[in-house]
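Worksheet for the structure shown next.
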Amino acid sequence: MASTDADHDFGENRQLHIIEWEHLDLYKFYPLAMASSWSIRCLLYPMSVVKSRLQLQKQNTVYRGMRHAFIHILRNEGFTALYRGFWMTLPQLSASFLYSGAYEKIRDLLQAHAGLSSAAILSALAGAAASATTQLIFVPTDIIAQHMMVHNNPDSFIGSMRNAAVINFVKEDPLGKRLTLGLRVTRAVYCVDGFKGFYRGFLSSIMLYIPSSMVFWVTYYNVLDLFKALRRHVIYPALTTLSEDGQLSQGTCDFH
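If you want it as structure tokens, here you go:
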């Protein structure tokens, strides 16, 4: 297709088109997002197991470092030990959908009723609320998964009397032979500590993730504004000058 001078009008401020939630084909977005999250989780989950064991061990009684932990787990427990607790974290795959949905809805509500015009502030507040929502899924599944990660050698990893009580309950549970490890740990946490046992550390989690989400969105929109300014004041004028110089050179050549 032939191009015209209008196609290269660099001085014109073209409207930046932003993809909003309503522009997405959700029938494609959700499956692709889930496949992406699944792939990343499969790849990185062994690192979570090693990190949890290094953090929970009593001083250096089991592992001297990350490399030693990987080798020790593979030699003594097998490859599957690197994925212990993996299935209990699968509900976390839905957290990205929950975050996206909560973010867009809260952002729309704030824009309509709070009288805020700054995209950075709107997104920061919506992102903060969405992050707190996702922790309702992350915290309990992480607690169960971490108990499963250290199940084979609990004495070296127990950090508190409550954790010790959970491990002892799992060992002595009369339903142990009829339930999977994940269900046994879930039952143990509930019996030892009640429903609140699934949300220990929830406040710490939201105090960590809410600020990080707010910083992300504020930074994103500030950088976006910076790129817009660069395009408007630097790139477009430079391209316009080059275009004019090219036309002048072409005219000079035609004259000669």
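Numbering (UniProt numbering), first residue to last: 1 to 256.
In this text, a Cβ means the ideal position worked out from N, Cα and C, and glycines have one as well.
Note that the structure is predicted; figures quoted are calculated from it, not measured.
Counted within 10 angstroms of its Cβ, other Cβ atoms place residue i as buried (16 or more) or exposed
i	result
residue 298	Here the chain covers residues 1 to 256 and nothing more, so residue 298 does not appear.
T219	exposed
M1	Annotation note: pLDDT 40 at M1 (below 50); position unreliable, no value reported.
K58	exposed
F227	exposed
H147	buried
P174	exposed
A114	exposed
R162	exposed
D142	buried
G194	exposed
A112	exposed
Selection from the options that minimises the alpha carbon distance to residue i
i	options	result
A130	G201, A95, N76	A95
Q135	P91, S123, K171, M149	P91
R41	V62, F86, E22	F86
F202	A132, R187, N153	A132
L122	A112, R107, A128	R107
I73	A128, N153, I137, S39	N153
L181	A81, H68, D25	A81
Range covered by the alpha helix (DSSP H) that runs through residue i
i	result
K228	202-230
L136	119-149
T80	Careful: T80 lies outside any alpha helix (DSSP H) and carries neither H nor E.
L56	26-56
H23	Looking at the DSSP string, H23 is not in any alpha helix (DSSP H), and its letter there is neither H nor E.
V166	161-172
K105	95-113
R187	181-193
Contacting residues, own chain, Cβ-Cβ under 7 Å from residue i (five flanking each side not counted)
i	result
A120	W217, V218, Y221, N222
A124	M214, W217, V218
P140	F198, Y199
C191	F169
R184	V170, D173, G176
I210	A128, S131, A132
Residues near residue i by beta carbon distance below 6 Å, same chain, minus five either side
i	result
Y99	A130, T134
S37	L93, S96
T165	Here residue 165 turns out to be Ala, not Thr, going by the sequence shown. Answer for A165: V192, listed in chain order.
8 Å contact criterion, which residue i and residue j should meet: CB distance rounded
i	j	result
M66	A145	M66 to A145, Cβ: 19 Å. No contact.
Y63	L56	About 11 Å separates the two Cβ atoms, so there is no contact after all.
V50	R84	The pair is not a contact, with the Cβ atoms about 11 Å apart (cut-off 8 Å).
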